[in-house]
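Heads up, the thing below is written out as structure tokens.
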Amino acid sequence: MSSRQWGTVREDYSADGTVWADFPFGQAHPRAYRWGEDGLAGICDRYGFLNLAVALWNGHDDRLKERPFGLTGPEGNHGEDVKQYYWHLDATPTHSWAQFLYRYPQAAFPYQQLREANRERGYEVDEYELTDSGVLDGNGGAHDLPSCQRVRGIRARGPRRSAHPRRIPNRGPRRRSERASTLPAGRMCG
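All you need for the numbering used here is the position in the sequence shown, starting with 1, plus 15.
Right under this line is the structure:
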């Protein structure tokens, strides 16, 4: 499953041909995709009918963290860009087992600060990144997202084996319980 489906040419329905601006991150939550799905550490069946991904919440943001945040081409100074840090660490070829690392701030995510700082910069200046905002200073949160087993088959009464989180360790400086959620009908565990 794609990490980012918003802001791509394949989801463009603009009348004026502004393909990179037609579907920004801000519309990804209330608007349905037509050609795919996205999510953190997402997996899907081979037809793309069953899509499962992790949803996190740090206790400060106004939304669940379901997908990477980023800017469309016109919002940034160097084209479309995801403004988060995540790594696909390991997986079997069939994705029957997978591991993912995601840097998730324990403070509120600086959505507006990233938009404004990148909008103000010109092409000759480096991009303003998440690390520049200071929200990750002092190891501001890294999470080894769950190792997961793949869903093996779908029957009329439901899956024979469901994917489930095994652990989500808090690697940040503050001891707190991060909330992980499983979202049915599209996003669950990655």
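Heads up, the beta-carbon is just placed ideally off N, CA and C, and yes, glycines get one too.
Just so we're clear, the structure is a prediction, and the values are computed from it rather than from any experiment.
Residue i: first and last residue of the uninterrupted beta strand (DSSP E) it sits in
i: Leu67; result: Asn66 to Trp72
i: Ala56; result: Leu55 to Cys59
C-beta atoms of residue i and residue j nearer than 9 Å
i: Trp50; j: Gln20; result: yes
i: Gly63; j: Glu52; result: yes
i: Leu116; j: Leu129; result: no
i: Ala30; j: Ala113; result: no
i: Glu142; j: Arg136; result: yes
i: Arg118; j: Ser18; result: no
i: Met16; j: Leu79; result: no
i: Gly22; j: Pro45; result: no
i: Tyr138; j: His93; result: yes
i: Phe1; j: Val69; result: Because the chain is modelled from 16 through 205, residue 1 falls outside the range shown and cannot be assessed.
Which residues DSSP lists as bridging residue i, in chain order
i: Ser17; result: Asp53
Near the ligand ADP: residue i beta-carbon under 8 Å from a heavy atom
i: Gly51; result: The ligand ADP is absent from the structure shown, which contains no ligands of any kind.
Practice task
Mind listing, in chain order, the continuous beta strand (DSSP E) runs of no fewer than 3 residues lying wholly within the region 68–155?
Solution key: 101–106 and 112–117
Handout entry: the region 60–80 / the region 110–124 touching (three or more Cβ pairs under 8 Å)
Key = yes
Practice task
Could you say if the region 27–42 and the region 83–90 meet the contact criterion of at least three C-beta pairs nearer than 8 Å?
Solution key: yes
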